[in-house]
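Let me begin by presenting the structure, written as structure tokens, before commenting on it.
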Amino acid sequence: MNNLKAKFNQFYGPAILSGLLLVMSFPEIDLYFLAWVALIPLLVFLYNKDKKTAFKAGLLFGVVYFFGTTYWIYHSINKYGNIPFVPSILIVLFLCIYLSLYPALFCLLYSSFIRKTHMPVLFVAPVFWTVLEFVRAYALTGFPWSSLGYSQYKFLPFIQIADITGIYGISFLLVAVNGAFADAILLKQRKIERPLYSLMPTIVGGIILFIVLIATFSYGLYRLNQKRHGVNIRAAVIQGSIEQDKKWDIAYQNAVINTYQELSLQASQGHPDIIVWPETSVPFYFGRDKEFTESLTSFQRQLNSYLLFGSVLAKEQKTNSADSQGLKGKRTAHDTQYQMQYTNSAVLLNKNGNVTYVYDKIHLVPFGEYVPLRKLLFFIDKLVVGVGDYTPGDSYIKAVTPFGSFGTHICYEIIFPGLVRKFYVRGGDFIATITNDAWFGKTHGPYQHFSMAVFRAIENRKPVIRAANTGISGFIDSNGRILAITKLFERTYLTEDIKTDMTLTLYTRYGDIFSYLCIVCFVLLMIKKENR
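Residues 438 to 969 in my numbering are what the sequence shown spells out, letter by letter.
In structure tokens form, the structure reads like this:
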């Protein structure tokens, strides 16, 4: 028993502790200050460990970290996917193990490098962490959920620098501060093991980090107090709070429509310029179901406002039967056929009820809105029965209105900073994001999802209008201040005056240039390691 306890303290303890501290720094617990020290136990522990131990520690740390921040996926799979408890948990664990490969690789690289160099932890650790976090955002369609920087969404003076570095610059600084504390703890041990170990890199690194932090906070305070030039517009978001199992039930079709119309009529009393409904809020194929479409456009004309809403659109696309049979070059006049394609879309109606803008969601949810590599993974078809097979959009288009232009980001598109910025490279006034977070249930998921929109506002200096079916809906200004929010699973509407912002930030112009600089540093560190 004593040996087991000793092994736990020496191996499992630091990894689990760091993972738990990070989990508590994220919404809804929101102890964001813990992220500034959470990695210290792990970084100190890894100093003199072999590669195998380091990898295992990183894997364990990652499982705790990612399970604690993505456990809500179980609710979606179990309740709405009708998958039993045990398989649902196993699916979530499988995802967490995959995500944990990134911190496991971080721990392996960090531990093998830090023992053989005079370089301080406060530089090595953030470079490795940031590069791997950036890669995770793109690998296998990408999943940037739980990026370390998101824990700081309430710490506004610190995160204003995201309009230069993006979210990954915030992660870098957090790991650097953890690394500085680890340097202080390891200093004596490194000096004993290596009598010729120079203190100068650590001292200089600490001074530089201190200066960078002072500059970061000064920049943040400057941005928060800077006067913004823009136009005041009034917007309303409608939170229908429709249960997921009723959204597409034909028996509730009229009730769903009536809910949104009644709330919109109430919101229209405040004379908003635009009213925003959530993702897939209309329970029919807009434009194809003529009766419901005409009813909605007729209702829209009563509002005297623009109406943005989410809808699944059904579109006929020409196909060629000869092509589908591999007979290219042998077409006849009778070969043309029509195939129905479905898109998860946002539609904008003007005050006259005319369609002025349609955006088709570009980044679809794998295994939720489509099955990746369906032909190759034919054997899993039975496991994903009912998964939507949507066609992705390909246009980064903005809506243009008398009160400003904006892009619309559907569901988890808002968590991809590189995707969102592309809409505003040529300007824009505000961001609209619509989502259906009913899948998450009453978990931390909706709170985490909302927190990421704060960073899109700061990165692009654009206020955000967010409409969510079951919450959280709300408004965020271009400095990341949360102006107003709804409660979870509350049937309501919210009206707010926001100021548009035409600022074109460094991040909007050039994207993740900071992350690419980290990749360059990463490569140089690897070359240095190999040459030792």
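We put the beta carbon where it would ideally sit given N, CA and C, even for glycine.
For F550 and M637, the gap between their C-alpha atoms comes out near 18 Å.
Fully enclosed alpha helix (DSSP H) runs of no fewer than 4 residues occupy 477-482 and 488-507 of the segment 463-522, in order along the chain. For V572, the closest of E699, G616, N691 and Y539 by C-alpha to C-alpha distance is Y539. In this structure the segment 681-701 does not touch the segment 649-656; the number of beta carbon pairs closer than 8 Å is below three. Only residues of its own chain outside the window of five on either side were considered, and among them F736 have a CB closer than 8 Å to the CB of Q698, listed in chain order. Look at K591 here: in three-state DSSP terms it is coil, with no helix or strand label.
DSSP links A704 through a beta bridge to no other residue. V795 carries a strand assignment under DSSP once its states are collapsed to helix, strand and coil. Residue environment analysis places Q706 among the exposed positions, since fewer than 16 neighbouring C-beta atoms fall within 10 angstroms of its C-beta. Excluding its 5 nearest sequence neighbours in each direction, T639 has C-beta neighbours in its own chain below 6 Å: P557 and D620, listed in chain order. Closest in C-alpha terms to L559, from the list L459, Q663, N615 and A783, comes N615.
Selection D726, N741, S513 and Y930 evaluated against Q681 yields S513 as nearest (Cα-Cα).
In the three-state reduction of the DSSP assignment, Y697 falls in the helix class. In the three-state reduction of the DSSP assignment, H846 falls in the strand class. In this structure, DSSP gives P581 a state outside helix and strand, which the three-state scheme calls coil.
In the displayed model, P809 falls within coil according to three-state DSSP, outside both helix and strand. Counting C-beta atoms within 10 angstroms of its own C-beta, T793 has fewer than 16 neighbours from the protein chains shown and is therefore classed as exposed. Proximity to D797 across T828, T696, R627 and Y775 peaks at T828, based on C-alpha coordinates. Using a Cβ distance threshold of 7 Å, I799 and G841 do not count as a contacting pair. In the three-state DSSP reduction, D934 falls in the strand class (E or B). Taking 7 Å as the cut-off, the Cβ atoms of L545 and F565 do not count as close. Nearest to K752 by C-alpha distance, out of S732, T730, Y743 and Q776, is Q776. Excluding residues up to 5 positions away in sequence, A890, V891, A894, P900, V901, R903, I919 and L920 lie with their Cβ nearer than 8 Å to the Cβ of I913 in the same chain.
For R573, the enclosing alpha helix (DSSP H) begins and ends at V558 to R573.
Per DSSP, reduced to three states, the secondary structure at Q676 is strand. Taken through DSSP and simplified to helix, strand or coil, Y779 comes out as strand. For V668, the closest C-alpha among the options P451, Y947 and M939 is that of M939. In the structure shown, the three-state DSSP call for E753 is strand. Under the three-state reduction of DSSP, R627 is assigned to helix.
By the Cβ criterion, the segment 934-950 is in contact with the segment 659-673, since at least three pairs of Cβ atoms, one from each stretch, lie closer than 8 Å. Three or more beta-carbon pairs drawn from the segment 596-615 and the segment 941-958 are found closer than 8 Å, and the two stretches are therefore classed as touching.
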